[in-house]
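The structure appears below as structure tokens.
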Amino acid sequence: MSFNYLLRRTLQALPLLFLASLVVFLLIHITPGDPVRLMLGEQASDEQVAAVRARMGLDRSLPEQYLSFIGRALQGDLGTSIRAARPTAELIGLALPATLLLTAAALFLAVVIGLPVGILAALRPSSLFDNLALFLALLGQSIPSFWLGLTLISFIALRWRLLPTSGYGDWQHLVLPACSLAPFLAGLIIRITRTSFIEVLRQDYIRTAYAKGFALSPVVFRHALRNALLPIVTILGLQTGALLGGAVVTETVFGWPGVGQLAVNALSDRDYPVVQAVVLVSALIFIGINLLVDLAYSILDPRIRYQ
Amino acid sequence: MKKLINIVSLMILLSLILSLSPLQVLAQSEIACESDVVVQADDWLSKIAEKVYGDVTAYQAIADATNAKAAADNSYATIDNVNVIEPGWKLCIPATGEVEAMLQQSAAAQAASSDQELIVAIAQDIGALDIRKEGSAASFSLLRHIYEPLVWFDDGMQLYPLLAESWEQVDDTTMRFNLRQGVTFHNGNPFNAEAVKYSLDKVLDPNFPAWMNFALVDLVKEAKVIDEYTVDIVTVAPTPSLLWRLTLLDMVDPQYAETPEMDTRPNGTGPYKFVEFTPSQQFVMERNDDYWGDKSNFKRVTARIIPEAGTRLAALLAGEVQMINAVSPEMLAQINDSDTATVTTAPTARLVYVSIRNDRPPLDNPKMRQALNYAIDKQTIVDTILQDIAVVAKSPLPPSLRSARSDLAYPYDPEKAKQLLTEAGYAGEEIIFAVGAGRYPNDDQVGQAIAAYMQDVGINVKFEQGEWATFNTENRKGKESPFDAFFQGWSADALDPVLMLTFLFKSENTESRTSYANPAVDELISEAALTNDPAQLDSLLNEIQGIVWDDAPFIFMYIPKEVLGISSNLKGFSARPDEFFFFNDAYFAQ
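Taken in order, these protein sequences are the chains called A and B. For what it's worth, our numbering labels the leading residue of the first sequence as 1, then goes sequentially. For what it's worth, our numbering labels the leading residue of the second sequence as 1001, then goes sequentially.
See below:
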């Protein structure tokens, strides 16, 4: 991957970021609901609400507010939360590690379970194992994570007291949320892996290898895997990007202080700076992940070259 | 391999069986009642305790004995909350010897709690750590352990002196406060009259987002420093409300409050000191061993933030936390079934109602609005949808407010409603009724029930449901509100009836809700705001409530209860009508 290519990709990302931030800015400012009125309560006088809004610069025109936001963002200042009176960067800085941890744990579980099962299913198509694997994959993708989370808490944490019900602390707090988030991903991975692998195994070069007398040896297997991984990596990249935006439902159920919770609370509070900052950061992360996926492509498939 | 699978399956089976077997309940020791007492009107537990034992603090012993007896014999009352007893309840009065034993036990338990930590779970995240900016009940409650006002309400809503030791009325509009001496903020700075003046001035400043500004700005003119520990607070006119309003004003350190740390590291005079706060995670405070007053029992209090109701409940039942707030009706059954948890409740100072646009025909006719009140079966809604976490409203004023009446009623009477509709000449005009869901427990279901009751008596109602913030903003447009009727509530902050009546029913303030205007009511409210004579105040408030009830600018629905889930061994703690919680007297029974 050449430096020129990286530079071009980065520059291409900028208009994307602008667009994302502009759309979100407009949407949240158009939605009825005033953060200051929400903060001060019903009884606050209109004079006080107006005065506080003026002090926070919320009475300026929308273009003025947007340009001010972008201007400061380019200098690294992501604004101050209206409700918490702290820099949004600080709030995101606290929430992001939690989300990263949960995402990594869920992905790890999903890959460790999904990949082998998907491959084995592909190697024995239409067998009992294959059908079972497909059934489990469907189950994983269909079970609502909300229900799964509460059920896990109800049995494992409450009835059997094996793990804590909620919160963020040591590895024990991570188990249930990760197990609640992983099934959907695992199901997806099983299905994509299986399909992708079956496709690859049907390719001419594999059949030629068989014809030449190679059984599914480790060498052939490695080649097949490399090719099969391409679509899997794509999907994983997209899912990771989505997860890093915060698995809101799981975070809410388990009281996991991640970016998803931060964003949802900020939306209810109409805390504009926080929402805008979260969107910007999430978009950046997503773009970064896409770049990593492309990098993985070029490693997996030597035919792919980026100019 | 097969053997391993067998062993594993056996283990799983075993653990399933074990988890399903019921826990043994330890038998309660028998309590003998020396006598029984039936509660009379105007009784409260400590009054009875004083009469029987000559000791005010023995009330807990009476409550415990009565609850123990009630488990076997339900002619005895069950006391959820030592501050809430009703006339007609039967109490068990244990023998004096037993009481002494109980008091000694509780004193020992309190001492034992002094090394312990209390962990609670709250539903909503805390925003800024500046108590003047944080209006949500849970956040305010926690910060009230760190900050203190001049005067406050105890758990029974009786006013008591805090940072002000005493006060006297110097003239019609001036109240002189004698401050407690030798009190310091946690950072060592002194508390004095300057701090009081600064704290008040800041809250009165309209540019500063203090949510309690509304309660003081029209009432208080200024504070005057007389000497280091004496301050005069001057009001705009004579008023009965000053002390109530002052319960919302916390004392802050003038130097510290101007620094940015004020939002992130609280610094007050209270019985607890701030330790740390991680947004969306937890808030931790520890006992202030240099506190000027009675030191709290718990060494440390941690508030965890758990937004999901089911998870919060699980944490309580698993013993991970010892108190939870925001208990919904669906959670009550599981808490009551549990051996380790229970609830404490109190009727709040909040009225939930449906505001009606009094300026829009046909709703401008009082008979129409009265018809709406008769059309709805509020008791059934409270019993079924709300499962008793509310009581039907018997006045525009919630019961914990001074002079609140309890004799007003709109019983469910669909025939009468239809009759009134006919008399009002209702011709089938469409009434748009909206609920901004998510604000009150089961408000969506209550709203749907109300719409159905309206339809039953022949009202052409269009029901709309949406998100609270959005719909509320729309409704606040007042005359241009897209809704003819809107489901909402009002909290009587500082328990001040004059404040509540002024905001809800004085014509200059009603536009955003109802545009209700009754000049007689306006005049009476103005009079009440200027009356320092308690008897006259009572009589005026009485009259206002009667008129407003008949005019029916609202559909008066219900008074929610504050419901807190607590561990069964948490004592010295109960739910409060002002919806705050306070752990100062709490301890674990052994």
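By construction, the Cβ of each residue, glycine as well, lies at the ideal position given by its N, Cα and C atoms.
Within the segment 1056 to 1122 of chain B, the complete alpha helix (DSSP H) segments at least 4 residues long are 1059 to 1072, 1096 to 1112, listed from N- to C-terminus. For secondary structure counted as the alpha helix (DSSP H) over 4 or more consecutive residues, the segment 198 to 270 of chain A holds these complete runs in sequence order: 204 to 211, 218 to 244, 248 to 254, 259 to 268. Look at the segment 83 to 135 of chain A and you find these whole runs of alpha helix (DSSP H), each 4 residues long or longer: 88 to 123.
In the three-state DSSP reduction, residue 160(A) falls in the coil class, being neither helix nor strand. Straight through space, the alpha carbons of residue 1164(B) and residue 1253(B) are spaced by roughly 16 Å. The DSSP-derived three-state label of residue 142(A) is helix. In this structure, residue 1410(B) sits near residue 1556(B), with a CB-CB distance shorter than 8 Å. Counting only residues of its own chain and dropping the five nearest sequence neighbours on each side, residue 280(A) has a CB closer than 6 Å to the CB of 21. Taking the Cα of residue 1094(B) as reference, the smallest distance to any Cα among 1062(B), 1003(B), 1414(B), 1189(B) is reached at 1062(B). Between the alpha carbons of residue 1349(B) and residue 1055(B) lies a distance of about 30 Å. Within the model, the alpha-carbon separation for residue 1241(B) versus residue 1198(B) is close to 21 Å. Residue burial annotation: residue 192(A) is buried, with at least 16 other C-beta atoms found within 10 angstroms of its C-beta. Sequence-distant Cβ neighbours of residue 1438(B) in its own chain, meaning closer than 7 Å and more than five residues away, are 1467, 1468. For residue 151(A), the secondary structure class from DSSP, reduced to helix, strand or coil, is helix.
When DSSP reads this structure, residue 1488(B) sits in a beta bridge with 1353(B). By the C-beta density criterion, residue 30(A) is exposed, having fewer than 16 other C-beta atoms within 10 angstroms. Contact between residue 287(A) and residue 16(A) holds, since their C-beta atoms are separated by about 7 Å, short of 8 Å. Considering only beta carbons, the part of the segment 1309 to 1320 of chain B lying closer than 7 Å to chain A consists of 1310, 1311, 1314, 1315, 1317, 1318, 1320, in chain order. For residue 1256(B), the CB contacts under 8 Å within the same chain, skipping 5 residues up- and downstream, are 1185, 1187, 1189, 1262, 1267 in chain order. Across the structure, residue 1221(B) and residue 1235(B) are spaced so that their CA atoms are roughly 5 Å apart. Contact between the segment 1485 to 1499 of chain B and the segment 1328 to 1343 of chain B is absent: fewer than 3 CB-CB pairs across the two stretches fall below 8 Å. Against chain B, the CB of residue 47(A) has a partner CB under 8 Å away; the residue lies at that interface.
At least one C-beta of chain B is nearer than 8 Å to the C-beta of residue 34(A). Look at residue 1497(B) here: in three-state DSSP terms it is helix. The continuous alpha helix (DSSP H) containing residue 1312(B) extends over residues 1309 to 1317. Collapsing the DSSP output to three states places residue 39(A) in a helix. Residues of chain B whose Cβ lies closer than 7 Å to the Cβ of residue 290(A) do not exist, since the nearest Cβ in that chain is about 28 Å away. Comparing C-alpha distances from residue 1071(B) to each of 1092(B), 1086(B), 1057(B), 1084(B) shows the shortest one belongs to 1092(B). Within chain B, not a single residue places a beta-carbon under 8 Å from that of residue 197(A); the smallest gap is close to 27 Å. Residues of chain A with a Cβ closer than 7 Å to the Cβ of residue 1281(B) are, in chain order, 168, 257. Our two residues, residue 1394(B) and residue 1229(B), have alpha carbons roughly 44 Å apart in a direct line. Secondary structure of residue 1341(B) (DSSP, three-state): strand. When the five nearest sequence neighbours on each side are left out, the beta carbons in the same chain lying within less than 7 Å of the beta carbon of residue 88(A) are those of 78, 79, 80, 81, 273, 274, 277, in order along the chain. For residue 1216(B), the closest C-alpha among the options 1225(B), 1226(B), 1204(B), 1223(B) is that of 1204(B). Ranking 1571(B), 1390(B), 1049(B) by CA distance to the CA of residue 1106(B) puts 1571(B) first. Rounded to the nearest whole angstrom, the C-alpha separation of residue 1371(B) and residue 1151(B) is 43 Å.
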